[in-house]
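K.L.:
Heads up, the sequence shown is in my numbering, so the first residue is 115 and it goes up one at a time. C-beta atoms are modelled at their ideal positions from N, C-alpha and C, and glycine is treated no differently.
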Amino acid sequence: MLLLAWGCHKKPAAPAPVPTRSAPPPAVTPPATIPPKPAPLEPAPLAKTVTAPTNLDLGEMSFQLGNYSQSIRLLETFLQENPKSGNRDKALFYLGFARFLADDPDRDPHQAEAALKRLLSEHPNSQYRDPAQFILGLNAQIEKLRSDIKDRDEKIKRLSEELQKLKEIDLQRRPSRPPE
């Protein structure tokens with residue numbers, strides 16, 4: 115009977131799930147030890163003294179700006195004031211080059227050539243040696259061309275004078291023609 119009693123009864127339906135609030139995510143717990151803050155960065159050490167640019171620096175800047183006359187004066191002053199400087203080759207190079215490029219009255223090819231030759235003789239291992247030799251070579255070619263032009267102009271002048279004399283001789287030899 116018991117079985118019948120059991121079978122007769124309907125099984126109760128499963129209770130409807132009750133909506134529940136979802137649990138918040140577990141809290142992140144900080145590690146047991148907090149790392150120390152990094153030490154602040156130290157600023158780079160500054161030079162204790164600020165030096166003014168030398169006449170060489172100013173002369174080079176003037177050269178690069180195309181102010182060759184000012185560059186010449188500054189470089190000459192540097193060379194006079196610093197007879198033992200390790201940068202004399204640089205000063206001589208810029209001085210020679212500036213003398214070639216300057217406008218009158220500071221343009222002086224002879225002094226430019228002298229400065230570059232002095233560079234070559236006093237500083238044979240300088241990094242400015244090859245450019246100085248190149249500039250001197252170009253200057254020699256320019257001078258040769260000028261000399262050739264001068265010679266050509268003198269020949270033209272002489273030939274013109276001789277032609278004029280020959281015309282005069284020819285006019286003297288011709289008898290005058292009677293008018294017709």
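Kindly give me the distance between the Cβ atoms of SER185 and PHE192, rounded to whole angstroms, as I take these residues to be in contact under 8 Å.
P.N.:
Not quite, the Cβ-Cβ distance comes to about 10 Å (not below 8 Å), so this is no contact.
K.L.:
Let me know the secondary structure DSSP gives GLY200 once reduced to three states.
P.N.:
It is coil, neither helix nor strand.
K.L.:
For ALA166, count neighbouring Cβ atoms within 10 angstroms of its own Cβ and tell me buried if that reaches 16, exposed if not.
P.N.:
When all chains shown are included, ALA166 counts as exposed.
K.L.:
Can you name, in chain order, every residue of its own chain whose Cβ lies under 8 Å from the Cβ of HIS237, other than the five neighbours on each side?
P.N.:
Taken in chain order, the residues that qualify are ARG202, ASP203, LEU206 and ARG243.
K.L.:
Measuring only the C-alpha atoms, how far is ASP284 from ARG272?
P.N.:
Looking at the two C-alpha atoms, the distance is approximately 18 Å.
K.L.:
In its own chain, which residues sit with a C-beta less than 6 Å from the C-beta of ALA212, not counting the 5 before and 5 after it?
P.N.:
Within the same chain, ALA212 has close Cβ partners PHE177, TYR182, SER185 and ILE186.
K.L.:
When we look at the beta-carbon of LEU209 and count the other beta-carbons within 10 Å, is it buried (16 or more) or exposed?
P.N.:
By the neighbour-count rule (16 or more Cβ atoms within 10 Å), LEU209 is buried.
K.L.:
Applying the 10 Å Cβ sphere with the 16-neighbour rule, what's the burial state of MET115?
P.N.:
Its pLDDT being 45, under 50, MET115 is placed unreliably in this model, and the value from its coordinates should be taken loosely. Label assigned to MET115: exposed.
K.L.:
Skipping 5 residues on each side, what residues in its chain have a beta carbon closer than 6 Å to that of ASP220?
P.N.:
Excluding residues within five positions, the ones whose Cβ falls inside 6 Å are SER183 and ILE186.
K.L.:
Can you give me the C-alpha to C-alpha distance between LEU230 and PHE214, rounded to a whole angstrom?
P.N.:
Using only the alpha carbons, I get a separation of about 11 Å.
K.L.:
Sorted by chain position, which residues of the same chain lie with C-beta nearer than 8 Å to GLU227's C-beta, five sequence neighbours on each side aside?
P.N.:
Within the same chain, GLU227 has close Cβ partners GLY210, LEU250 and ASN253.
K.L.:
Using beta-carbon positions only, say whether LEU189 and GLY173 come within less than 7 Å of one another.
P.N.:
Yes, the pair counts as a contact, with Cβ atoms nearer than the cut-off.
K.L.:
How should ASN239 be labelled, buried or exposed, when 16 other C-beta atoms within 10 angstroms of its C-beta is the threshold for buried?
P.N.:
Per the 10 Å Cβ criterion, exposed.
K.L.:
Grab the span of the alpha helix (DSSP H) containing TYR182 for me, first residue to last.
P.N.:
Segment 182-195, the alpha helix (DSSP H) holding TYR182.
K.L.:
Got a sec? Which residues, its chain only, sit under 8 Å from LEU118 by beta carbon, not counting five neighbours each side?
P.N.:
Since pLDDT at LEU118 reaches only 49, below the 50 mark, its modelled position is unreliable, and no value is offered.
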